[in-house]
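Here is the structure we will look at, set down as C-alpha cells.
2 protein chains.
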Amino acid sequence: MQGGGCVVDNVTLQFQEMRPHEIEKKSFEIIEKELGDTKLDPVQEPIIKRVIHTTADFDYVENLCFSKGAVTTMQDAIRSGACIVTDTQMAKAGINKKELAKYGGEVFCFMGDEDVAAAAKKNGSTRAAASMEKAAAMGQKFIFVVGNAPTALIQLYELMQKGRVSPWGIIGVPVGFVNVTEAKELILGVEVPYIVAKGRKGGSNVAAAICNALLYAMAD
Amino acid sequence: MQGGGCVVDNVTLQFQEMRPHEIEKKSFEIIEKELGDTKLDPVQEPIIKRVIHTTADFDYVENLCFSKGAVTTMQDAIRSGACIVTDTQMAKAGINKKELAKYGGEVFCFMGDEDVAAAAKKNGSTRAAASMEKAAAMGQKFIFVVGNAPTALIQLYELMQKGRVSPWGIIGVPVGFVNVTEAKELILGVEVPYIVAKGRKGGSNVAAAICNALLYAMAD
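In C-alpha cells form, the structure reads like this:
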C-alpha cells in the first residue's frame with residue numbers, strides 16, 4: 656500500500672503515510688489529547704489507554720476498576736511464570752503469548768474441551784462455568800481472564816468462597832445484558848487482586864487488551 | 656454453578672437461574688426492549704442486534720451501514736461455499752467455523768504467515784495490508800472481514816481499483832484513531848456489497864459478530 660490520497664466520489668481522502676509502529680504511537684497521542692485533564696493513576700494509565708485504543712470507547716475511563724495494587728501484583732505473578740486461564744478462544748487468540756512466554760507463562764482456554772462440555776451438560780451449567788471448575792481442579796494458581804461469560808465469573812466467585820481456588824488475580828470483563836453487571840459486582844467484593852469493567856461493557860477484545868497492557872508495561 | 660443468591664458484603668445479589676440458551680434469548684429481549692420504537696430494516700435487524708449483544712453498545716444502531724442487498728448477497732455467497740479472509744486471528748477465533756463449514760466455506764487469516772511478514776517488511780507496509788495482497792494473489796473470490804487494521808481496508812480498496820480483487824462482500828469494521836474513519840469512508844464508495852461500522856468503533860469482536868449473525872439468520 657502506498658500512502659497519499661485515494662479518490663472516492665470526487666472526494667480525495669488523505670492518508671498520513673506512516674510506518675506501522677508510528678500508527679500506534681499516533682493513536683496513543685490522540686487518546687492522550689482527548690483525555691485532556693482527566694487524571695489517571697500512573698500505574699493504571701497504560702491499561703486504561705490500551706483498552707480505549709482497542710475499543711475507541713472512552714467509557715472505560717469510568718468503567719475500569721482496579722483493586723489496590725492489582726496491576727503490580729499481577730505483573731509480579733506473570734514475572735514468576737503465572738499462566739492465564741480464559742473463558743474465550745478470542746481472548747486467547749488476542750493475548751500476546753510470545754511476550755507471556757518470556758516469563759514462562761502460557762494461556763489456557765478449556766471452552767472447547769470434551770470433558771468441559773460433558774460436565775456442563777450434566778450440571779445444566781454453561782461450558783464457561785465448567786471450564787472454571789476444570790481450572791480449579793488443576794490445583795495451580797492462575798490469573799483468570801473472563802471476557803465473555805458472567806457465569807464463569809460467578810463460578811469463580813463460588814469456588815473462591817469454598818476455598819477451592821486462589822487466583823493470582825482476576826480480569827473480569829464479561830459483556831452483556833443478563834447477570835453481567837451483577838457478576839462483576841461480586842468480584843468487586845473479593846480480596847483477590849482484580850481489574851473489572853463495571854457495567855455491561857467489556858468483551859474478549861477488552862480482556863486481551865488488559866493482559867497485553869500488563870505485559871507491555873513490564874517490558875518498558 | 657447453582658442459581659439463586661450469593662452473599663457479598665451483606666448484599667444478596669440475585670441471579671436468575673437460567674439454562675445457557677435462555678441467557679441469549681433473554682439478552683435479545685432486553686436489547687429489543689431498549690431499542691423501543693427504533694425502526695430497523697428486518698434483514699439488517701439480526702446483525703445490528705447481535706453486534707449490540709457482543710458490545711453492549713447501542714451506538715451501532717447508528718454506526719452500521721449496509722449497502723443495498725449486502726446481507727442477502729453475502730448470505731448467497733456463503734451458501735455457494737464462499738470462504739472468508741480476515742485480518743485478525745481474534746475474528747477467526749470468534750467466527751462460527753462449524754456453521755460456515757456446513758456450506759463448504761472456511762476462514763483464512765494470513766497475519767501470522769512468514770511470506771506476509773516478509774512482504775510487509777520489504778514494502779514498509781503493515782502485515783494486514785500484505786495479507787490482503789496475498790488473498791488477492793490467490794485469484795479466488797472471498798468475503799473480506801476487516802476487524803482491526805484500516806491499512807487492510809485501504810489496501811483492499813486499491814486492489815479493487817486496480818481490478819486485482821473482486822470480493823463477494825466486505826465487512827469493514829476496523830477500530831481506532833488513525834485513518835480508521837477515512838478507510839471506512841472509502842469502502843462506502845464502492846460497488847461491492849459491504850457492511851461497515853462508520854466512525855472509530857469496531858473491532859474483531861464486532862467482525863465476528865456480524866459473520867455469525869449472517870450465518871445464524873441463514874439457519875433460522
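Chains A and B are the protein sequences, given in the same order. Position in the first sequence (from 1) plus 655 gives the number in the working numbering. Position in the second sequence (from 1) plus 655 gives the number in the working numbering. Virtual Cβ for every residue (Gly too), placed ideally from N, Cα, C. Remember, it's a predicted structure, so these values are computed and weren't measured experimentally.
CB contact below 7 Å: residue i versus chain B
i	result
S682 of chain A	yes
C866 of chain A	no
Y871 of chain A	no
C661 of chain A	Any reading at C661 of chain A must be qualified, since the residue scores a pLDDT of 42, below 50, and its modelled position is unreliable; the value itself is stated next. By this cut-off, C661 of chain A is an interface position.
A862 of chain A	no
Whole-Å CB distance - residue i paired with residue j, under 8 Å assumed
i	j	result
G831 of chain B	P805 of chain B	7 Å
D712 of chain A	D712 of chain B	7 Å
T741 of chain B	G802 of chain B	6 Å
V771 of chain A	M815 of chain A	Their Cβ separation, rounded to whole angstroms, is 19 Å, which puts V771 of chain A and M815 of chain A out of contact at 8 Å.
K753 of chain A	V762 of chain A	Contact doesn't hold; Cβ gap of about 11 Å is too wide.
M745 of chain A	A748 of chain B	5 Å
L755 of chain B	M787 of chain B	The pair is not a contact, with the Cβ atoms about 20 Å apart (cut-off 8 Å).
V820 of chain B	C866 of chain B	Actually they do not touch by this definition, with Cβ atoms about 19 Å apart.
I686 of chain B	I707 of chain B	5 Å
A785 of chain B	A774 of chain B	4 Å
I733 of chain A	L869 of chain A	7 Å
L808 of chain A	I842 of chain A	6 Å
A852 of chain B	T709 of chain B	Wrong, their Cβ atoms sit about 12 Å apart, outside the cutoff.
I798 of chain B	A874 of chain B	Wrong, their Cβ atoms sit about 17 Å apart, outside the cutoff.
P829 of chain A	K796 of chain A	Not really, about 22 Å apart at Cβ, beyond 8 Å.
Neighbour flag for residue i against chain A, beta carbons, 7 Å
i	result
P701 of chain B	no
A725 of chain B	no
G658 of chain B	Low confidence applies to G658 of chain B: its pLDDT is 42, below 50, so where it sits in the model is not reliable, and the reading given next is rough at best. Not an interface residue.
A737 of chain B	no
A874 of chain B	no
N665 of chain B	Only weak support is given to the placement of N665 of chain B: the predicted model assigns it a pLDDT of 37, under 50, and the value that follows is read from those uncertain coordinates. Chain A contact via Cβ: absent.
Within chain A, the residues that residue i reaches when beta carbons sit closer than 9 Å
i	result
A711 of chain B	V830, G831, F832, V835, G854, R855, K856, G857 and G858
Contact list for residue i against chain B, beta-carbon separation under 8 Å
i	result
T741 of chain A	Result: empty, since nearest Cβ-Cβ is about 11 Å, beyond 8 Å.
Paired residues, beta bridge with residue i - DSSP
i	result
V801 of chain A	A:G827
I850 of chain A	A:F721 and A:I826
Under 7 Å by beta carbon: chain A residues contacting residue i
i	result
F693 of chain B	Rather than Phe, the amino acid found at residue 693 of chain B in this sequence is Thr. Within chain A, no residue comes near T693 of chain B; the closest Cβ sits about 16 Å away, beyond 7 Å.
Q744 of chain B	A748
T781 of chain B	P675
Segments of 4+ residues assigned as alpha helix (DSSP H) that fall wholly inside the region 683-770 of chain B
700-710, 715-718, 725-734, 744-749 and 752-756
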